[in-house]
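Structure, as structure tokens:
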Amino acid sequence: MITPSFSITQDGSFLTIRIHAPYTNIADCEIEYSEQLFYFSSAPYFLRLHLPCEVIDDDRGTSAYDVDSGYITVTVPKKNEGDHFPNLDMLTELLKAPTVSAKPVVEEISEEGADEVPDEELYAEQKMPEPEIPSEISTFGYGFGWKRHGLFSKFDDEIVKKLISLSTSPESFPISDRVGCCVQITASEFNDEHYLADKMEPPEGLQSVKDFVIVPSKNFEITQEDRDRMKDLPRRVIPPVDNVAVAYSLIDILAGYLYDYRFNEGDESVESGWTISQLSPSLTFLVKWRLAQEAVIGFARRAVTKPLYRSWELLKIVLKDTVATFRAGKSAILHCLLQIQRIMNTSGDFRYLFNDLFITDYCLWIQSLDDAVLKQVTGELEEAVKCLKKADIDCDLEELDLQTQMLKVSLNASGRSLDEEDTSGLRSVLLDSDDEELDSDDEKAV
């Protein structure tokens, strides 16, 4: 059976469920709903939704089929008028059966009811005892919740190196050492000439990128494409994880996407998968943050080191975009995650593995995340972005900015200018400036 594409809206009295079933035989259509269950069946389609609040089947309910569009629209009365049904955009959660609590294994029953087994016992969820976490996962784990290990050993080293920037194999690189490795490698990759060149003579497209307007509540609404992707997500229960730590990693993953979204002014490019992964230490270095502040600094450090435009002002704008997207809530975040999943699937260089390790589980996790956790992390993120300083990212940006001011004064005084075609021109100016300072000191000494 095929799960049809669907969407749900609501007002104070009704849910409106639109189901796209263009190949249905309407004569065989069956629709039922009561309490927290909605059921639709019409070969080859089947849909069962587990609603967050109760509905009632009475004479106010209606259904209509539009032959031209293939949509069935069902109006479902709410049992309690005025009830707000939360998270109706979280379609994967609606498709997932709720957990049923099992009753005690041994229970006295009367002879009269001895042959009857209540439904909740018959269908109670059965769980094997949770195994202890192997030491290699607790020490070397990676992926969503740091629960995976052994996947990279199945691939050639060259493939792994395209994805992961740790100095040795992820399979034997301790979680506790990864942030330090990220700081060290990023510092070695930082190019002060590139940063200064962008500061001295901003690239032609930079201002347009900074001026591009992003309103997450509008730009990142759930689309029909998102709904189609959600219904195809695996319907599995996410194992228990440290939700706050997982949310910290979401910060730099989302910031990487938002940098690319802003850089391409709402579009994307063949480099989008590379940009997102390279700007996110959670993906490229498999780090585990202890604070939202660490995630913000980790992204900022990568944002002045890896992309084409290396601008402090731009990265601050992107971080504000990130705060705004967290504030916009789970629907906006889910839209971005679904876009990241699509990009990684098509960007090549085995980046689909980031979906297997992280993004697909993030798409499931965000739909059921406690709002209190999201609110807490959003507050921490906002404070971290507000307090971020250039000195935090260990790239001597304040000293470089001072050099920029001195160079501008020197160039204005001498009537010289940087050759826009020659990126090495900045180095020559720096060297000339240093030589002039030395000559001046020599003259004073004489």
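With UniProt numbering as the guide, the letters of the sequence shown map in order to residues 1 to 446. Glycine included, each C-beta is placed from N, C-alpha and C at the ideal position. Just so we're clear, the structure is a prediction, and the values are computed from it rather than from any experiment.
Coil, strand or helix - residue i by DSSP
{"i": "Val237", "result": "coil"}
{"i": "Asp66", "result": "strand"}
{"i": "Glu221", "result": "coil"}
{"i": "Cys29", "result": "coil"}
{"i": "Tyr23", "result": "coil"}
{"i": "Ser176", "result": "helix"}
{"i": "Cys53", "result": "strand"}
{"i": "Ser41", "result": "strand"}
{"i": "Arg227", "result": "helix"}
{"i": "Leu15", "result": "strand"}
{"i": "Lys78", "result": "strand"}
{"i": "Glu204", "result": "coil"}
{"i": "Glu265", "result": "coil"}
{"i": "Glu271", "result": "coil"}
{"i": "Ile251", "result": "helix"}
{"i": "Thr284", "result": "helix"}
{"i": "Leu47", "result": "strand"}
{"i": "Tyr309", "result": "coil"}
With 16 other Cβ atoms within 10 Å as the buried cut-off, status of residue i
{"i": "Ser269", "result": "exposed"}
{"i": "Ile17", "result": "buried"}
{"i": "Gln224", "result": "exposed"}
{"i": "Asp442", "result": "Reliability fails at Asp442, whose pLDDT of 44 lies under 50, so the model's placement of it is uncertain and the value that follows must be treated cautiously. Exposed is the call here."}
{"i": "Leu163", "result": "buried"}
{"i": "Asp68", "result": "exposed"}
{"i": "Pro281", "result": "buried"}
{"i": "Ser34", "result": "exposed"}
{"i": "Ala27", "result": "exposed"}
{"i": "Met90", "result": "buried"}
{"i": "Ser217", "result": "exposed"}
{"i": "Glu265", "result": "exposed"}
{"i": "Leu402", "result": "exposed"}
{"i": "Thr9", "result": "exposed"}
{"i": "His335", "result": "buried"}
{"i": "Val323", "result": "buried"}
Sequence-distant residues of the same chain with beta carbon closer than 6 angstroms to residue i, five excluded per side
{"i": "Ser5", "result": "His20, Arg227 and Asp228"}
{"i": "Tyr71", "result": "Arg18 and His20"}
{"i": "Ile159", "result": "Phe350"}
{"i": "Arg310", "result": "His194, Tyr195, Asp198 and Val304"}
Beta-carbon contacts of residue i that lie in its chain and below 7 angstroms, excluding the five residues immediately before and after
{"i": "Pro77", "result": "Ser13, Phe14, Val55, Ile56, Asp58, Arg60 and Gly61"}
{"i": "Ser110", "result": "Annotation note: pLDDT 49 at Ser110 (below 50); position unreliable, no value reported."}
{"i": "Ser7", "result": "Arg18 and Arg227"}
{"i": "Glu398", "result": "Lys390 and Ala391"}
{"i": "Arg148", "result": "Gly141, Tyr142 and Leu357"}
Integer-rounded CB distance, given that residue j should sit under 8 angstroms from residue i
{"i": "Phe152", "j": "Glu171", "result": "6 angstroms"}
{"i": "Ile251", "j": "Leu381", "result": "6 angstroms"}
{"i": "Arg327", "j": "Thr360", "result": "The pair is not a contact, with the Cβ atoms about 25 angstroms apart (cut-off 8 angstroms)."}
{"i": "Phe358", "j": "Leu283", "result": "7 angstroms"}
Own chain, CB closer than 8 angstroms to residue i, minus 5 neighbours either side, in chain order
{"i": "Ser188", "result": "none"}
{"i": "Glu81", "result": "Gly12 and Ser13"}
Hey, is the stretch 290–302 in contact with the stretch 337–344, meaning 3+ C-beta pairs nearer than 8 angstroms? no
Is the stretch 234–248 touching the stretch 314–325 in the sense that three or more CB pairs, one from each, lie closer than 8 angstroms? no
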